[in-house]
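Visitor:
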Amino acid sequence: MKTWMLIIALFLISINLRPAITSVAPLLDTIQQDLGMSGTTAGLLTTLPVLCMGIFAPLATKISERVGLERGIFYSLVLITIATALRGFFGTVPLLIVTAFLAGVGIGVAGPLVSGFIKQYFPTRPGVVGVYTVSMAIGAGSATGISAPIYQSLGNWEPALAIWAVLGLAAMVIWIRFPSKKQSGLPEKTALPWTSGRAWLILLFFGLMSSIFYSVTAWGAPIIQSMGYSSVVAGSMLTAFVLIQIPSSFIIPSLVARFGYVFPTLIGCTVVELSGVILLIAGGQPLIAMLLIGLGAGGLFPLALMLPIIETDSYQKASAWAAMSQGGGYVISALGPLGVGAVYDITGSYLNALYGMTAIICMMGVLQVMLWVTADRTTLKKAD
Numbered sequence: 002m003k004t005w006m007l008i009i010a011l012f013l014i015s016i017n018l019r020p021a022i023t024s025v026a027p028l029l030d031t032i033q034q035d036l037g038m039s040g041t042t043a044g045l046l047t048t049l050p051v052l053c054m055g056i057f058a059p060l061a062t063k064i065s066e067r068v069g070l071e072r073g074i075f076y077s078l079v080l081i082t083i084a085t086a087l088r089g090f091f092g093t094v095p096l097l098i099v100t101a102f103l104a105g106v107g108i109g110v111a112g113p114l115v116s117g118f119i120k121q122y123f124p125t126r127p128g129v130v131g132v133y134t135v136s137m138a139i140g141a142g143s144a145t146g147i148s149a150p151i152y153q154s155l156g157n158w159e160p161a162l163a164i165w166a167v168l169g170l171a172a173m174v175i176w177i178r179f180p181s182k183k184q185s186g187l188p189e190k191t192a193l194p195w196t197s198g199r200a201w202l203i204l205l206f207f208g209l210m211s212s213i214f215y216s217v218t219a220w221g222a223p224i225i226q227s228m229g230y231s232s233v234v235a236g237s238m239l240t241a242f243v244l245i246q247i248p249s250s251f252i253i254p255s256l257v258a259r260f261g262y263v264f265p266t267l268i269g270c271t272v273v274e275l276s277g278v279i280l281l282i283a284g285g286q287p288l289i290a291m292l293l294i295g296l297g298a299g300g301l302f303p304l305a306l307m308l309p310i311i312e313t314d315s316y317q318k319a320s321a322w323a324a325m326s327q328g329g330g331y332v333i334s335a336l337g338p339l340g341v342g343a344v345y346d347i348t349g350s351y352l353n354a355l356y357g358m359t360a361i362i363c364m365m366g367v368l369q370v371m372l373w374v375t376a377d378r379t380t381l382k383k384a385d
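My numbering applies: residue 2 is where the sequence shown begins, and numbers increase by one.
(1) Let's see if you can read the secondary structure: which residues bound the alpha helix (DSSP H) around ALA141?
(2) To the nearest angstrom, how far is the alpha carbon of PRO194 from that of GLY208?
(3) Whole angstroms is fine: what's the gap from GLU71's alpha carbon to PHE118's?
(4) Cutting at 8 Å between CB atoms, please list the residues of its own chain near GLN369, excluding the five before and the five after it.
(5) Excluding five sequence neighbours on each side, which residues of the same chain lie with their C-beta closer than 7 Å to the C-beta of LYS318?
(6) Just verifying my parser: in three-state terms, what is the DSSP assignment at PHE242?
(7) Mind reading off the beta-carbon distance from ALA149 to PRO27? Whole number of angstroms is fine, and I expect it under 8 Å.
(8) With distance defined between alpha-carbon atoms, name the residue in ALA321, LEU372 and TYR356 nearest to GLY337.
(9) Tell me which residues share the same chain as VAL106 and place their Cβ nearer than 7 Å to its Cβ, disregarding the 5 neighbours each side in the sequence.
(10) What span of residues does the alpha helix (DSSP H) with ARG67 cover, start to end?
(11) Alpha carbon to alpha carbon, how far is ILE213 from GLY330? Give it in angstroms, no decimals.
(12) Would LEU202 and ASN17 be called neighbours here (beta carbons separated by less than 7 Å)?
(13) Relative to the C-alpha of ALA104, which candidate in PRO287, GLY221, PRO223 and GLY55 has its C-alpha closest?
(14) Between the beta-carbon of ALA86 and the beta-carbon of GLN246, is there less than 7 Å?
(15) In terms of alpha-carbon separation, which member of THR48, GLY69 and LEU60 lies closest to VAL99?
(16) Is DSSP giving VAL25 helix, strand or coil here?
(17) Apart from the five residues just before and just after PHE123, which ones in its own chain have a Cβ nearer than 7 Å to its Cβ?
(18) Using a Cβ-Cβ cut-off of 8 Å (strictly less than) and excluding sequence neighbours within five positions of PHE12, which residues of its own chain qualify?
(19) Judging by CA-CA distance, which residue of ALA335, LEU308, ILE32 and THR359 is the nearest neighbour of LEU372?
(20) I need the straight-line Cα distance from ILE311 to GLN226, nearest angstrom please.
(21) Along the alpha helix (DSSP H) that carries ASN353, what are the first and last residues, could you check?
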């Protein structure tokens, strides 16, 4: 398959990996009031998919061994598309919970397989991760920004959630053309690297990094509102947090792929993200704070996805390392939004939660330094 077709396939699978989650956020209050959902149940609609992404990511290697890398991605895409489409037919609490679960399973399995896909088809171009992350940011941002206008136009929230299945259908047209296991050969079996200290460092880093991202995504707007801003202004600042990640998710990994210095760049992005959180604590301009946090997050996520690729020498191992880091990492990250909510319930203020986020970002920086100083020459040559 030609390179441009591979890029299109990567773009189309990646753009489907977030709308099932982010399309719910701007409509959550409406859905909650319409269905009489409790706050805890409403929170499950965004927390459950992330938790499933962690629990089911380790299955990616088994699925790849059984049906092949490309077919595994295709079946995950089918699951995500079906889960999204079902939301347009039955507006009930049980269905929303089930579709959140199914979408989380599909996304969790697809993530590590996409890392393997990049390793297999672009073995000398890890910067292609930028296409992966930019596409996810576009999908997430589109679903966040357009779902509410669709709801206002149609008058129902069900089609505003289900319409994102169109992206899945478009992707399936491309991905169904990839060969099955019989055509591409039997994949080699590769165990998850549970005995590797570096794999554990990457897992912990991925988990802490994602916990900050999902905490800001879930609570950024309420935190800004607590500073005296309206819900409309707070929502626009959260949109800015999402949008700034689109260019940074592409530019930063591309620069690293060209010039190297992956570990110093990781630390630099962490410092930028930390400065944004500190600015919120100090009561500074929240728009600048959200842009700084988004800029840092936009660089951290693609570089975190790049690490399993540069640490391994085959797509099977890349998928295994990604499955382990994303599996444990997303389980950790799911605790982030819950932790912020719990701290607010106990203290009645978001300030202590922001202090906690500061501590987590500092821990993340320590892990990055440990990865840098323990990297072998082969990894440093590929990365730097």
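Virtual Cβ for every residue (Gly too), placed ideally from N, Cα, C. All values derive from a computational prediction rather than experimental measurement.
Guide: Let me lay it out:
(1) 130-155
(2) 16 Å
(3) 8 Å
(4) PHE206, PHE264, LEU267, ILE268 and THR271
(5) THR191
(6) helix
(7) 4 Å
(8) TYR356
(9) CYS53, PHE57 and LEU80
(10) 60-68
(11) 12 Å
(12) no
(13) GLY55
(14) no
(15) THR48
(16) coil
(17) VAL129
(18) VAL132 and SER136
(19) LEU308
(20) 41 Å
(21) 352-374
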